[in-house]
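Worksheet for the structure shown next.
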Amino acid sequence: MNSRLRRGARKKKKPSKATASTGERLQKVLARAGVGSRRACEELIQEGRVEVDGKVVTELGTRVDVASQKIRVDGEEKGSHPKIYYMVNKPPGVVSTNQDPAGRMRVIDLINSDLRLFPVGRLDRTSEGLILVTNDGELANRLTHPRYQVSKTYLARVAGRISFAKIQELGQGTHLAEGFVQPESVRIKRHRRQGSDLEIVLREGRNREIRRLLARAGHKVISLCRTAVGTIKLGTLPSGSYRKLTLAEVRTLESLHVEPAKKSGRGAKKSTGQRQTGGTGRKKTTRRQSITRPVQKKGKSLTGGTRKRAAAKGRPRTSKAAKKGRRRSST
412 MNSRLRRGAR KKKKPSKATA STGERLQKVL ARAGVGSRRA CEELIQEGRV
462 EVDGKVVTEL GTRVDVASQK IRVDGEEKGS HPKIYYMVNK PPGVVSTNQD
512 PAGRMRVIDL INSDLRLFPV GRLDRTSEGL ILVTNDGELA NRLTHPRYQV
562 SKTYLARVAG RISFAKIQEL GQGTHLAEGF VQPESVRIKR HRRQGSDLEI
612 VLREGRNREI RRLLARAGHK VISLCRTAVG TIKLGTLPSG SYRKLTLAEV
662 RTLESLHVEP AKKSGRGAKK STGQRQTGGT GRKKTTRRQS ITRPVQKKGK
712 SLTGGTRKRA AAKGRPRTSK AAKKGRRRSS T
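Here is the structure:
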């Protein structure tokens with residue numbers, strides 16, 4: 412009896428999960444302070460460039476209390492900064508990275524601010540258009556991570572008059588070096604004498620994805636401009652200019668992300684046109700049966716009496732006297 416009481420006392424001394432998980436994750440705090448995206452902050456922690464109360468921290472699961480602990484990155488103390496959001500119309504020739512060994516013009520060089528900013532996603536140096544710049548690492552992570560499926564709209568001008576058959580092929584997707592790629596939508600905006608303007612919507616961004624997709628279709632990209640991120644549109648903002656996002660636009664961006672659907676086990680839906688055979692685990696493809704319908708005449712629908720008359724065609728007609736005789740015999 413005494414041994415059982417001792418065992419119970421030992422269990423009570425163990426710290427609870429709530430006590431062990433107080434505070435916030437270090438990479439989340441750094442991202443919110445404008446150090447960078449959450450991925451970049453995780454790399455800083457693993458490289459040993461982050462200190463908490465004077466001690467180097469390299470574990471990603473470390474939790475900190477911002478109110479009582481001092482956090483430094485490369486020796487510089489990081490506190491909470493006001494979050495700020497900009498829309499930039501990137502001109503061709505400007506790079507969208509913060510660090511460029513060649514010393515070329517960067518997107519953040521176009522903005523007059525003392526805060527540490529970084530672009531949300533990337534645009535090719537030769538491309539132009541809408542790019543968001545912020546110090547909010549959490550929002551940047553939601554807008555760029557593939558699992559959130561945030562749409563980006565592009566206007567591409569290609570050489571040659573592209574056919575509708577090619578547009579359908581592009582919409583069905585193709586295989587690139589990274590895997591299968593399928594745009595959300597592709598449509599022709601207008602045909603020109605020696606070219607075509609296309610509107611392409613993507614939900615994931617790969618390196619030079621649109622240029623490679625169109626090259627597979629046999630059309631070279633002459634110019635490429637991003638016109639929207641989600642519902643935030645570039646509008647009439649001049650090339651090389653920027654402006655702050657409104658509060659309504661920021662709230663819209665915060666509500667853009669869509670969580671991926673979870674795959675269930677036994678209750679998972681089978682793909683269309685396939686059924687599972689018992690025992691073997693092999694899938695057998697079932698062909699859809701084609702249905703032949705009667706030809707509809709102009710101005711008439713095959714409903715009601717018309718359908719009955721169409722079905723009665725080809726049958727031998729029975730006289731009224733014969734019908735009466737059948738009724739009498741049945742009675």
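Under this note's numbering, read the sequence shown as residues 412 to 742, first letter to last. Idealized CB from N, CA, C, for every residue including glycine. Quick caveat, the model's predicted, so the values are computed rather than measured.
Does DSSP put residue i in a helix, in a strand, or in coil?
i    : result
R533 : coil
V612 : strand
G582 : helix
K631 : coil
I643 : strand
I519 : helix
E488 : strand
T508 : coil
L526 : coil
L587 : strand
E470 : coil
P671 : With a pLDDT of 47 at P671, under the threshold of 50, the modelled position of that residue is not reliable, and the figure given next carries that caveat. Looking at P671 - three-state DSSP - the assignment turns out to be coil, as it is neither helix nor strand.
R558 : helix
V637 : The residue asked about is misnamed: residue 637 is Arg in this sequence, not Val. If DSSP states are grouped into helix, strand and coil, R637 belongs with the strands.
S701 : Residue placement at S701 is flagged as unreliable, the pLDDT there being 36, under the threshold of 50; the coordinate-derived value follows with that caveat. Of the three classes helix, strand and coil, the one that applies to S701 here is coil, per DSSP.
Considering only the beta carbon of each residue, do residue i and residue j sit closer than 8 Å?
i    : j    : result
V499 : G434 : no
L635 : T585 : no
V518 : K501 : yes
T555 : V531 : yes
I522 : Y653 : yes
L528 : T545 : yes
L648 : A639 : no
V506 : R536 : yes
G641 : L664 : yes
R449 : D485 : no
S538 : I573 : no
L581 : A626 : no
L437 : V477 : no
I497 : D547 : Residue 497 is actually Tyr in this sequence, not Ile. Contact flag unset, no.
Buried or exposed, going by whether 16 or more other CB atoms sit within 10 Å of the CB of residue i?
i    : result
D464 : exposed
I542 : buried
E454 : exposed
G447 : buried
G540 : buried
K694 : Residue placement at K694 is poorly supported in this model, since its pLDDT is 43, which falls under 50; the coordinates still yield a value, given next. K694 comes out exposed.
P557 : exposed
L534 : buried
H630 : buried
K466 : exposed
I621 : buried
I643 : buried
What residue range does the beta strand (DSSP E) around residue i cover?
i    : result
G548 : Run containing G548: none in the beta strand (DSSP E); it sits in the alpha helix (DSSP H), G548 to T555.
R483 : I482 to V484
L541 : E539 to T545
R598 : S596 to H602
E453 : That residue, E453, is in no beta strand (DSSP E); its alpha helix (DSSP H) goes R449 to Q457.
V592 : G590 to V592
K494 : Premise fails: K494 is in no beta strand (DSSP E) and is neither H nor E.
R654 : Y653 to K655
V463 : V461 to V463
Since residue i is in the alpha helix (DSSP H), which residue starts that stretch and which ends it?
i    : result
G443 : Note that residue 443 corresponds to Arg in the displayed sequence, not to Gly. Taken as a continuous stretch (DSSP letters only), the alpha helix (DSSP H) holding R443 covers L437 to R443.
A570 : It is not in any alpha helix (DSSP H) - A570 instead sits in the beta strand (DSSP E) that spans K563 to A570.
V661 : L658 to E665
Compute the minimum distance between the beta carbon of residue i and the heavy atoms of the ligand ATP, and state whether it is under 7 Å.
i    : result
S507 : Absence of the ligand ATP is noted for the structure shown, with no ligands found whatsoever.
With contact counted as at least three CB pairs below 8 Å, one residue from each stretch, are the segment 609-624 and the segment 560-579 in contact? yes
Cβ pair count under 8 Å reaching 3, the segment 441-450 against the segment 535-553: yes
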